[in-house]
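Participant: Shown below is the structure under consideration.
Numbering (the numbering used here), first residue to last: 154 to 328.
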């Protein structure tokens, strides 16, 4: 059953009719590690190392990723406190809007977010709301072939943003 599910979900590459548009997130396909920092409201910083895996799904019309903190090979990390997650994002390109629908699910923490994503210059910006109604803005910046910076910000009023999370990711190299 697992093998047939994987065959139905996973794709070898992007849909050939959308290759150029899908490259926005398609460039992340592969395995990455990241250094994570979470900034609590009192200024306390929690840190740790995680992993993220991006892949083509749904006939190459979408990108799905899995974010894991702490990394599965990292073992317990006292510097993370209770901050852990094991979640997935589905990123689906919408040709009519020339943008992406973003769906984040973290069943471990029961945290869910729906966002809308687009390129803004050299940065990818995703805006939306979490399950509690707070505005969220997640962005990828400093993107190279082998690294990126990911920021998670929150706003109660939609105008003043508070940085909550920073991930500095590096592509894993084949050994």
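Virtual Cβ for every residue (Gly too), placed ideally from N, Cα, C.
Quick check: the Cα distance between residue 247 and residue 254, rounded to an integer number of angstroms?
Facilitator: For the purposes of this step, residue 247 is identified with residue 94 of the chain shown, where counting begins at 1. For the purposes of this step, residue 254 is identified with residue 101 of the chain shown, where counting begins at 1. Near 7 Å, if we compare the C-alpha coordinates of residue 254 and residue 247.
Participant: With distances taken from CA atoms, which of 168, 202, 288 is nearest residue 311?
Facilitator: Indexing the chain shown from 1 puts residue 311 at position 158. The option with the nearest alpha carbon to residue 311 is 288.
Participant: Count the other C-beta atoms from every protein chain shown that fall within 10 angstroms of the C-beta of residue 309, then say buried if there are 16 or more, exposed otherwise.
Facilitator: Position 156 of the chain shown holds residue 309. With fewer than 16 other Cβ atoms within 10 Å, it is exposed.
Participant: Excluding the 5 residues flanking residue 236 on each side, which residues of the same chain have their C-beta closer than 6 Å to its C-beta?
Facilitator: Here residue 236 is taken as the residue at index 83 of the chain shown, counted from 1. Same-chain partners within the cutoff: 191, 199.
Participant: In whole angstroms, what separates the C-alpha of residue 233 from that of residue 322?
Facilitator: For the purposes of this step, residue 233 is taken as the residue at position 80 of the chain shown. For the purposes of this step, residue 322 is taken as the residue at position 169 of the chain shown. Roughly 17 Å separates the two Cα atoms.
Participant: Tell me which residues share the same chain as residue 294 and place their Cβ nearer than 6 Å to its Cβ, disregarding the 5 neighbours each side in the sequence.
Facilitator: The count along the chain shown starts at 1 and reaches residue 294 at position 141. Cβ within range, chain order: 276, 302.
Participant: For residue 251, which of 270, 227, 239 has the nearest alpha-carbon?
Facilitator: Along the chain shown, read from residue 1 onward, the residue named residue 251 stands at position 98. Here the closest residue by C-alpha is 270.
Participant: Out of curiosity, what's the CA-to-CA distance linking residue 172 and residue 195?
Facilitator: What you label residue 172 is simply residue 19 of the chain shown in a count that begins at 1. What you label residue 195 is simply residue 42 of the chain shown in a count that begins at 1. Roughly 44 Å separates the two Cα atoms.
Participant: In three-state terms, what does DSSP make of residue 300?
Facilitator: Working through the chain shown from its first residue, we reach residue 300 at position 147. In the structure shown, residue 300 sits in a strand (DSSP, three-state: E or B).
Participant: What are the boundary residues of the beta strand (DSSP E) that includes residue 292?
Facilitator: Position 139 of the chain shown holds residue 292. Taken as a continuous stretch (DSSP letters only), the beta strand (DSSP E) holding residue 292 covers 288-294.
Participant: Out of curiosity, what's the CA-to-CA distance linking residue 226 and residue 202?
Facilitator: The residue labelled residue 226 in the question sits at position 73 within the chain shown. The residue labelled residue 202 in the question sits at position 49 within the chain shown. Computed Cα separation, rounded: 10 Å.
Participant: Rounded to whole angstroms, what's the CA-CA distance from residue 260 to residue 238? Just pull it up for me.
Facilitator: Counting from 1 along the chain shown, the entry for residue 260 is found at position 107. Counting from 1 along the chain shown, the entry for residue 238 is found at position 85. Roughly 8 Å between the two C-alpha positions.
Participant: By alpha-carbon positions, which one of 257, 319, 169 ends up nearest to residue 189?
Facilitator: On the chain shown, position 36 is the one that residue 189 refers to. Nearest C-alpha to residue 189: 319.
Participant: Report the residue from 219, 230, 157 whose alpha carbon sits nearest the alpha carbon of residue 244.
Facilitator: Residue 244 sits at position 91 when you count from the first residue of the chain shown. Of the listed residues, the one whose Cα sits closest to residue 244 is 219.
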